[in-house]
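As numbered in the UniProt record's numbering, residues 1 to 274 make up the sequence shown, in order.
The beta carbon of each residue, even a glycine, is placed where N, CA and C say it ideally should be.
This report concerns only the one structure given below.
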Amino acid sequence: MNPNTPTAPASYGYKILKPVLSGFLQVALVGLGLYWLLNSGAEAMNYRWQWYRIPQYLWFVEDGEWFPAELLEGLLVTLKISTVSLVCTLAVGLATALLRMSDSIIGRGLARGYIELIRNTPLLVQIYLLYFVFGPVLGLERFTTAVLALSLFQGAYTAEIFRAGLNSIAKGQFEASQSLGLSYSDSYRFVILPQVIKKILPQLTNEAVSLVKNSSIVSVMAIFDLTTEGRNIVADTAMPFEVWFSVAGIYLCVTLVLSGFAAWLEHRLNVPEH
């Protein structure tokens, strides 16, 4: 064996480090470009940056203890809305996909109508209808209305993802599971759905990231999420650039963490790349 030949662990480590270093380099270059662009714009407008005031809106210390300030409190509300909405989105998407694939003409028609209605109308209009029209009639709270609006909107897109995943599974597997004595629900639970989830995990990740970003629109209902808190701080401090850049950075961190977790999960499940 040639002593100059790299060992397998070293080669594997290089394969891991290469994209990481490349990513850091790209981020650094983009960061420098943004820094130059922002400074040039600020000088042209005679704007004075006040970044030193941002930390007080992230956290504060009282009696030696750390507490979340407005932006982090808004982030917690955003995460709560997004988490509950994601669970409901998966349930709505799966139920709609099963209806579209059912033998019932009425079920297929209702599912198709729901998908077309949601996908061809703006989310903001749907939120206004739920909040100002159906909310008072049904006695829905703002949080419930926000979750319902996001779940129905994302559920329409998730339904098509589930349907594509279910269609990719051979019918023989369902027939084989029933021949083993499994019920209809158990066949889906133990045989079909685990395979479907592995196949559509990348697409579901995209929907989860989209849901987190779309959650910012529920601020129109005066829910004190991250976007609403940012708007209030801008009104009080007249620091639109610093505040909105900070809000955008927080959203970016959340979506990057979510994407990283999904990538790790895909690796653990050996999900093929699409």
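Closer than 8 Å by C-beta to Val-209: which residues in its own chain qualify, once you throw out the five before and the five after it? Chain order, please.
Thr-255, Leu-258 and Ser-259
Could you name each continuous alpha helix (DSSP H) segment of 4 residues or more that falls completely within the stretch 57-124, going from the start of the chain to the end?
70-100 and 105-119
Quick one: is Val-30 buried, meaning 16 or more other Cβ sit within 10 Å of its Cβ, or exposed?
exposed
Where in the stretch 184-247 do unbroken runs of the alpha helix (DSSP H), each at least 4 residues long, occur, reported from the N-terminal end onward?
184-187, 193-214 and 226-237
Which residues in the same chain as Ala-111 place their Cβ atom closer than 6 Å to its Cβ, once the five residues preceding and following it in sequence are excluded?
Thr-96, Leu-99 and Arg-100
Going by DSSP in three states, Glu-141 sits in which element: helix, strand or coil?
coil
Are the beta-carbon atoms belonging to Thr-237 and Gly-74 less than 8 Å from one another?
no
Considering only C-alpha positions, which residue in the set Asp-63, Ala-28, Gln-154 and Pro-202 is nearest to Asn-270?
Pro-202
Distance between Val-196 and Ser-102 (C-alpha atoms, nearest Å)
17 Å
Segment limits, alpha helix (DSSP H) that includes Gln-50:
No alpha helix (DSSP H) contains Gln-50, which DSSP labels as neither H nor E.
Closest by CA to Trp-244, which one among Cys-253, Trp-66, Gly-230 and Ala-235?
Gly-230
Please classify Thr-158 as buried or exposed, where buried requires at least 16 neighbouring CB atoms within 10 angstroms.
buried
When you compare only the Cα positions, how much space is there between Trp-59 and Glu-65?
10 Å
Based on Cα-Cα distance, which residue from Ile-161, Ile-192 and Phe-162 lies nearest to Ala-176?
Ile-192
Beta-carbon proximity of Ser-151 to Val-92, cut-off 8 Å:
yes
Is the stretch 176-188 touching the stretch 110-127, taking contact as three or more C-beta pairs under 8 Å?
no
Closer than 6 Å by C-beta to Ala-156: which residues in its own chain qualify, once you throw out the five before and the five after it? Chain order, please.
Ile-115, Ile-118 and Arg-119
Buried or exposed: where does Asp-225 fall if 16 or more other Cβ atoms within 10 Å of its Cβ makes it buried?
buried
What residue from Leu-204, Ser-215 and Tyr-251 has the CA that sits closest to Ala-262's CA?
Leu-204
Looking at the unbroken alpha helix (DSSP H) that takes in Ser-177, where does it start and where does it end?
171-179
Validate contact between the stretch 142-151 and the stretch 76-94 using beta carbons, cut 8 Å, 3 pairs
yes
Are Tyr-251 and Lys-198 touching if we call contact CB-CB under 8 Å?
no
Look at the alpha carbon of Tyr-188 and the alpha carbon of Glu-207, and state the distance between them as a whole number of angstroms.
22 Å
When you compare only the Cα positions, how much space is there between Ser-85 and Ser-216?
13 Å
Please report the Cβ distance between Leu-71 and Tyr-57, rounded to the nearest whole angstrom; I am assuming they are in contact, meaning their Cβ atoms lie under 8 Å.
5 Å
To the nearest angstrom, how far is the alpha carbon of Gln-26 from that of Gly-249?
17 Å
What's the gap between the Cα of Ser-183 and the Cα of Gly-23?
48 Å
Can you tell which of Gln-50, Ala-42 and Leu-94 has its C-alpha closest to the C-alpha of Met-239?
Gln-50
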